[in-house]
């Protein structure tokens, strides 16, 4: 029998956020308010700063200006508390599943680093919550369909029972029907309490979500994630 997982979502409030990457301004003048247990989508093309913004909202990228509060924790006072509250499913570069590992290997790896809340039972319950089937353990991650791989990454993060999950490039490489399925999986997580902040080139066809459209802060844009600006304990 599959157990149950309970999420206590956190709210996310950003006022006038700005950050810099290796090519200059990564994003600027960002205002965002996400209620606990809701889905927010950052929409933008390459160079719009959406990946850097996800790093920042998870407490793992240094800010130049602005105020960030996640679950009552202020970034300028306690970034570590924000990092503990927000789990990363996929952010590239920096946090992606190894395509050469088998599914069972990435699960075993997450059991070592995912904290005390992560168990195989919690992972199974997370897949059930999303209405998705876990891929067979012997399959290589790189052999999974794009949607399957992303849902696996989200399940691994959400099974840690964080207050929020962030995930980039939702729908990348997917057919329209597969992308719709992935978005449905993410929304199911929010129905069960977990806050989800996702980034994509286009929003899903849902009415009950927060959408923030980003544009490049300057003509050439900025590289998505300058590693020197990410917190050392990310």
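In our numbering, the protein residues as written are 1442 to 1675. Backbone N, C-alpha and C fix where the C-beta goes; we use that ideal spot for every residue, glycine too. None of the values given here were measured: they were computed from a predicted structure.
- Taken through DSSP and simplified to helix, strand or coil, residue 1588 comes out as helix.
- As summarised for the stretch 1575-1644, the continuous alpha helix (DSSP H) elements at least 4 residues long and confined to that stretch are 1587-1599, 1617-1632, given in chain order.
- In the same chain as residue 1528, and ignoring 5 residues on each side of it, the C-beta atoms closer than 6 Å to its own belong to 1598, 1601, 1603, 1606, in chain order.
- Proximity of the stretch 1567-1584 to the stretch 1616-1636 meets the contact definition, three or more beta-carbon pairs being nearer than 8 Å.
- Per DSSP, reduced to three states, the secondary structure at residue 1492 is helical.
- Annotation: residue 1543 is outside any alpha helix (DSSP H) and is labelled neither H nor E by DSSP.
- Contact check for residue 1516 against residue 1500 passes: the beta carbons are separated by less than 7 Å.
- Separation of residue 1584 and residue 1533 (C-alpha to C-alpha, rounded to the nearest whole angstrom) is 18 Å.
- Where residue 1462 is concerned, the enclosing beta strand (DSSP E) starts and stops at 1453-1462.
- Scanning 1525, 1472, 1642 for the CA closest to the CA of residue 1558 turns up 1525.
- A direct Cα-Cα distance of roughly 13 Å separates residue 1463 from residue 1505.
- Per the C-alpha coordinates, the member of 1518, 1474, 1498, 1468 positioned closest to residue 1485 is 1468.
- In the DSSP assignment, residue 1507 falls outside any alpha helix (DSSP H) and lies within the beta strand (DSSP E) extending over 1506-1511.
- In this chain, the beta strand (DSSP E) harbouring residue 1529 covers 1527-1531.
- Taking C-beta atoms as the reference points, residue 1595 and residue 1640 fail to come closer than 7 Å.
- Relative to the Cα of residue 1653, the nearest Cα in the group 1495, 1465, 1450 belongs to 1495.
- Its Cα nearest to that of residue 1655, the residue 1471 stands out among 1471, 1450, 1568, 1498.
- Residue 1468 carries a strand assignment under DSSP once its states are collapsed to helix, strand and coil.
- Here residue 1450 is near residue 1478, since their CB atoms are less than 7 Å apart.
- Shown here, residue 1564 sits in a helix according to DSSP, grouped into three states.
- Here residue 1498 carries a helix assignment [DSSP, helix/strand/coil].
- Cβ-Cβ separation between residue 1645 and residue 1482: approximately 7 Å, consistent with a contact (criterion under 8 Å).
- Among the bridge pairs identified by DSSP, residue 1503 is matched with none.
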